[in-house]
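J.: Going by my numbering, the sequence shown opens with residue 1, and the numbers climb by one from there.
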Amino acid sequence: MNPGVRFRHYQEPDLSVCAGIGVEVFPLVTSRFTEKEVSKVMKGQIDSCHAVSNYCELAIADGEVAGLIFGRVKGRSVLIDICRTLKRLPPISVRFLLGMYGSRRKLLRFLNPCLEQLRVLRRNTPAGEAEVVLFAVAPKYQGIGVGRALMDRFVRHALRYRVKSISVPTDETASFWFYERYGFRRWAEFKDPLESYCAGRPIKGFIYQLLLPEADG
Ligand SMILES: CC(C)(COP(=O)(O)OP(=O)(O)OC[C@H]1O[C@@H](n2cnc3c(N)ncnc32)[C@H](O)[C@@H]1OP(=O)(O)O)[C@@H](O)C(=O)NCCC(=O)NCCS
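1) Y55: beta carbon under 8 Å from a heavy atom of ligand 1?
2) At 4 residues or longer, and completely inside the region 66 to 100: list those alpha helix (DSSP H) runs for me, N to C.
3) Between the Cα of S175 and the Cα atoms of L159, G205 and A199, which residue gives the shortest distance?
4) Round the Cβ separation of C198 and L134 to the nearest angstrom and send it over; I've been treating them as touching at under 8 Å.
5) Given the structure, does Y182 come close to ligand 1, in the sense that its CB is under 8 Å from one of the ligand's heavy atoms?
6) Mind checking who D171 pairs with in its DSSP beta bridge?
7) By the three-class DSSP mapping on this structure, what secondary structure does G217 have?
8) Which stretch, first to last residue, makes up the beta strand (DSSP E) that contains R8?
9) Hey, is R201 close to ligand 1, as in C-beta under 8 Å from one of its heavy atoms?
Put into structure tokens, the structure is as follows:
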């Protein structure tokens, strides 16, 4: 990987640029929205992922955001995590009500497929202790090791909490091959309700799992 790449925590002002990356790499998520709305919708997606994550890191290359990984690691204080999520929910609700994430009417149509997706994921996810919530590298920085470096750092972080496995939901339209290449194994396969709704055809969803070696000491 280019030695010029560095890493730092995600902060609120990074939202727009991260949404820009999301729009480029997850076209299906916003495919039912107009060009004017896609960035807003992706901001909502990223804010929601941020609300449920306790590990949010960016890769910076040439002074700009090259990639991001959000994740959740259990084993820290559950109470702190719940408080953090609760603190992040009111601003998200306000932005939703103000239409800052796009048309409320259109977004509400996603509610059922979203809830159905949550149910399917819960049924199919192994009882793990860490999860990748959001993972993307900007197209111009893909293929040079940025994704692997972001994942390596998340794995090291998880190991510090003595986590034994990491799981990740993905689907056939995403870069699921990354996980296979990295050493994850496919744990489950199902019809993804949300992606299928977005695509207007059945889309296969997957859960991948990475077993971690026992941490020393
Ligand atoms: C998945 C993603 C984050 C990977 O980031 P990246 O920086 O391009 O990945 P890297 O350059 O670190 O490559 C990682 C490995 O994948 C391999 N790889 C790259 N492109 C590949 C392809 N099209 N098919 C199979 N393997 C590929 C690389 O050879 C590398 O393996 P190696 O380290 O053993 O040589 C990026 O492709 C992405 O943003 N995809 C779109 C969003 C997405 O699908 N996110 C994840 C699913 S939710």
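Glycine included, every Cβ here is placed at the ideal spot set by N, Cα and C. Remember, it's a predicted structure, so these values are computed and weren't measured experimentally.
T.: For this structure:
1) Locating residue 55 in the sequence shown gives position 55, where the first residue counts as 1. No; taking the cut-off as 8 Å, the Cβ of Y55 has no heavy atom of ligand 1 nearer than that.
2) 78 to 97
3) One-based indexing of the sequence shown puts residue 175 at position 175. Taking only the C-alpha atoms, the option nearest S175 is G205.
4) Translated into the one-based positions of the sequence shown, residue 198 becomes position 198. Translated into the one-based positions of the sequence shown, residue 134 becomes position 134. Actually they are not in contact, since the Cβ atoms of C198 and L134 sit about 16 Å apart, beyond 8 Å.
5) Your numbering for residue 182 matches position 182 in the sequence shown. For ligand 1, a non-hydrogen atom lies closer than 8 Å to the CB of Y182.
6) Within the sequence shown, the letter at position 171 stands for residue 171. D171 is bridged to G205.
7) If you number the sequence shown from 1, residue 217 lands on position 217. Note on G217: pLDDT 46, under 50, position unreliable in the model; the coordinate value appears next. Reduced to three states, the DSSP call for G217 is coil.
8) For the purposes of this step, residue 8 is taken as residue 8 along the sequence shown, with counting starting at 1. That run of the beta strand (DSSP E) goes R6 to H9.
9) Position 201 of the sequence shown, counted from the start, is the residue given in the question as residue 201. Checking every heavy atom of ligand 1 against the Cβ of R201, none is found closer than 8 Å.
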